[in-house]
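Trainee: Dropping the structure in here first, questions after.
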Amino acid sequence: MKEEANAFGKVRAFFWPVYSYELKKLIPMFLLFFFILFNYTVLRDTKDTLIVTAPNSGAEAIPFLKVYGVLPAALIFMFIYAKMSNILSKSSLFYATVTPFILFFAIFSLLLYPNREALHPNGFCDYLQGILPAGFMGLIAIIRNWTFSLFYIMSELWGSVCLSLLFWGFANDITKVGESKRFYNLFGLGANLSLFFAGTFIIWASNLRNTLNVKDPWQVSLNILMLVVVLSGLIILAIYFWINKYVLTDKRFYDATEQKKIKSDKPKLSLKESLKNLLTSSYLGCIAILVIAYGMSINLIEVTWKSELKLQFPNPNDYSAFMGEFSRITGLVTMIMMFFVTGNVVRKLGWRVAALITPVILLVTGALFFTFMIFNSHLKGAIALIGTTPLWLAVIFGMAQNIMSKSAKYSLFDPTKEMAYIPLSQELKVKGKATVDVVGARFGKSGGAFIQQFLIITLGSISAMAPYIGIFLGIIITLWIIAVIALDKKFKIEIAKKEAEEKAFTV
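Here the sequence shown is numbered in my numbering, starting from 57 and rising by one per residue.
Below you can see the structure in the form of structure tokens.
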């Protein structure tokens, strides 16, 4: 009987490594992550639909938008956030950061989108399109549809700010090293469960046009999508309030005295000092390389795929419904990976193996996708025999590649990256993390966008640049793998110091 009990305990610990009393902390954090990523998924799919299917626009606009819209916005946010972090308390900083997002998405749905025709400078952009080369179509498109561009920027920032910075910063602040090894994978399960529900909701909202007899069915779908985003945002604020009031006041989960004792006695860093720390700290530099490399890699592949997707689904409702299905399948695949494949990788095989899986997956699937894009014209006869088209196969290949990449990101890349922040001082967790996650992520995507911009202007189209994108992808992922190996050595040293400090305090 004793042996059976021990065996049952091992099985339970493998699949559910949580004690009953810890549910008070785990469940609200689980829900907080769920709703933040729910909004992220809805906004990500909606922003792509708006830009790619907009009049006189397409996937060519995305590289220009990431460089001239998202990157400057991320830099501005970093300056404001650094100033606010010195003035406001942690909870006030959270509320002050999330609330403007909620207000903007409500305003976009109620005012900006319904009045887009009056607000968009179509005449001026028609003039620009007549005098500039075809390679500048993407730049003109983001000016022409500037309200959509603003929505795209705010949606991109939601992912970097609310998901990477606020949630993971909060989780790292209140989670002990031992808890992180058991909790973070479960947080990921909640996040990817939200992908499934968000995808299902997007499909339903996008397909409403089949039952409505209105002039602009996409506006009806958009209004419903944004209504739920706003409600979800309010729920996020309520959950955060509950955690601060009922969880962080329980010393089993969080001891402010212990945190003050463990953290470094360094004075508060200014933004300039924070950037200096990033440039001089090899530890933060390695994390930054991981974030930048992922952003560049996924951006290089996604834009090529979305250009094919626009050709297959020119109608915004159809495009949005397909993206909803994509998100739903991504959620299911990620949950399967996390539950059956990656649940114990960090604990059994170590941080290094877990962190290397994502770049390897991107390298293999990216190589397969670009190989098909380059040689699909030679396979038209064979493709016709199976009753489909090269365009549809390109969409499916790209979808499979993106699903595998995002599943690896959510199940392994994000948890391992966040674990790397845990040994850092409190000051570096706040400002160093803000610099890496918000600006680093944007530099990653903007770096990929710079490459695409140059190739689009030079070659004239996305399809012509596929071979060159494949070469850049291989170089970037190689640097990513080197950075993981270097960071693993530093992480082991720092985590040993952190655990020693926690042990010394409890003694």
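Ideal Cβ placement from N, Cα and C applies to all residues, glycine included. Only a predicted model underlies this, so the values are computations on that prediction, with no experimental measurement involved.
First and last residue of the alpha helix (DSSP H) that includes F294?
Mentor: The residue asked about is misnamed: residue 294 is Ala in this sequence, not Phe. From DSSP, the alpha helix (DSSP H) with A294 extends over P273 to W298.
Trainee: Please confirm if the segment 253-265 is in contact with the segment 108-118, defined as three or more CB-CB distances below 8 Å between the two stretches.
Mentor: Short answer: they don't touch.
Trainee: Decide if D101 is buried, meaning its Cβ has at least 16 other Cβ atoms within 10 Å, or exposed.
Mentor: That one is buried.
Trainee: Could you say which of L188, I299 and D374 lies nearest to T231 if we only look at CA atoms?
Mentor: Out of L188, I299 and D374, I299 has the C-alpha closest to the C-alpha of T231.
Trainee: Among G215, S147, F180 and Y524, which one has its Cα closest to the Cα of F157?
Mentor: F157 has its Cα closest to that of G215, out of G215, S147, F180 and Y524.
Trainee: Rounded to whole angstroms, what is the Cα-Cα separation between M379 and K80?
Mentor: Each residue's Cα considered, the two are about 35 Å apart.
Trainee: Do you know how far the Cα of L356 is from the Cα of A410?
Mentor: For A410 and L356, the distance between alpha carbons rounds to 23 Å.
Trainee: Is it buried or exposed for S467, if we count other Cβ within 10 angstroms and need 16 for buried?
Mentor: S467 comes out buried.
Trainee: Could you give the distance in angstroms between the alpha-carbon of P370 and the alpha-carbon of I439?
Mentor: Taking the straight line joining both Cα atoms gives about 23 Å.
Trainee: Rounded to whole angstroms, what is the Cα-Cα separation between Y477 and L346?
Mentor: Approximately 13 Å between the Cα atoms of the pair.
Trainee: Counting pairs of Cβ atoms below 8 Å between the segment 502-519 and the segment 349-365, do you hit three or more?
Mentor: Segments in contact, yes.
Trainee: Counting only the same chain and skipping the five closest in sequence on each side, list residues whose C-beta sits under 8 Å from that of Q457.
Mentor: Counting only Cβ-Cβ distances below 8 Å, and skipping sequence neighbours, we find I357, W361, T421, G422, L424 and F425.
Trainee: Between A522 and M429, is the Cβ-Cβ spacing less than 7 Å?
Mentor: Yes.
Trainee: How big is the Cα-Cα spacing for T267 and S277?
Mentor: So the alpha carbons of these two residues sit roughly 12 Å apart.
Trainee: With 16 other CB atoms within 10 Å as the buried threshold, where does E212 fall?
Mentor: With 16 or more Cβ atoms within 10 Å of its Cβ, E212 is classed as buried.
Trainee: According to the neighbour-count rule (16 or more other Cβ atoms, all chains shown, within 10 Å of its Cβ), is A556 buried or exposed?
Mentor: Result: exposed.
Trainee: Could you name each continuous alpha helix (DSSP H) segment of 4 residues or more that falls completely within the segment 381-428, going from the start of the chain to the end?
Mentor: Counting only runs of 4 or more, we get 401-405.
Trainee: Is it true that the segment 154-169 meets the segment 202-210, where meeting means three or more beta-carbon pairs spaced less than 8 Å apart?
Mentor: Short answer: they touch.
Trainee: Less than 7 Å separating the beta-carbons of C181 and I198?
Mentor: No, Cβ-Cβ distance for C181 and I198 is not below 7 Å.
Trainee: Leaving aside the five residues before and after K146 along the sequence, list all residues of the same chain whose C-beta is less than 6 Å from its C-beta, in chain order.
Mentor: Excluding sequence neighbours, K146 sits near nothing in its chain.
Trainee: CB V286 to CB F164, shorter than 7 Å?
Mentor: The answer is no: Cβ separation not under 7 Å.
Trainee: For the alpha helix (DSSP H) that contains M521, what are its first and last residues?
Mentor: Unbroken run through M521: none, as it is neither H nor E.
Trainee: Can you tell me whether M394 is buried or exposed, with buried defined as 16 or more other CB within 10 angstroms of its CB?
Mentor: So M394 counts as buried.
Trainee: In this structure, how does DSSP classify A69 when only helix, strand and coil are distinguished?
Mentor: Only weak support is given to the placement of A69: the predicted model assigns it a pLDDT of 48, under 50, and the value that follows is read from those uncertain coordinates. In the structure shown, A69 sits in a helix (DSSP, three-state: H, G or I).
Trainee: For D104, count neighbouring C-beta atoms within 10 Å of its own C-beta (all shown protein chains included) and say buried if the count is 16 or more, exposed if not.
Mentor: D104 comes out buried.
Trainee: Look at the alpha carbon of Y137 and the alpha carbon of I295, and state the distance between them as a whole number of angstroms.
Mentor: Answer to the nearest angstrom: the Cα atoms are 22 Å apart.
Trainee: Just to confirm before moving on: does the CB-CB distance between I92 and I392 stay below 7 Å?
Mentor: Their beta carbons are not under 7 Å apart, which means I92 does not touch I392 by this criterion.
Trainee: On the three-state DSSP scale, how would you describe L268?
Mentor: Three-state result, L268: coil.
Trainee: Do S463 and T390 count as a contact pair if the criterion is CB distance below 7 Å?
Mentor: Against a cut-off of 7 Å, the Cβ pair of S463 and T390 comes out as a contact.
Trainee: Are the Cβ atoms of A129 and I209 separated by less than 7 Å?
Mentor: Yes. Within cutoff.
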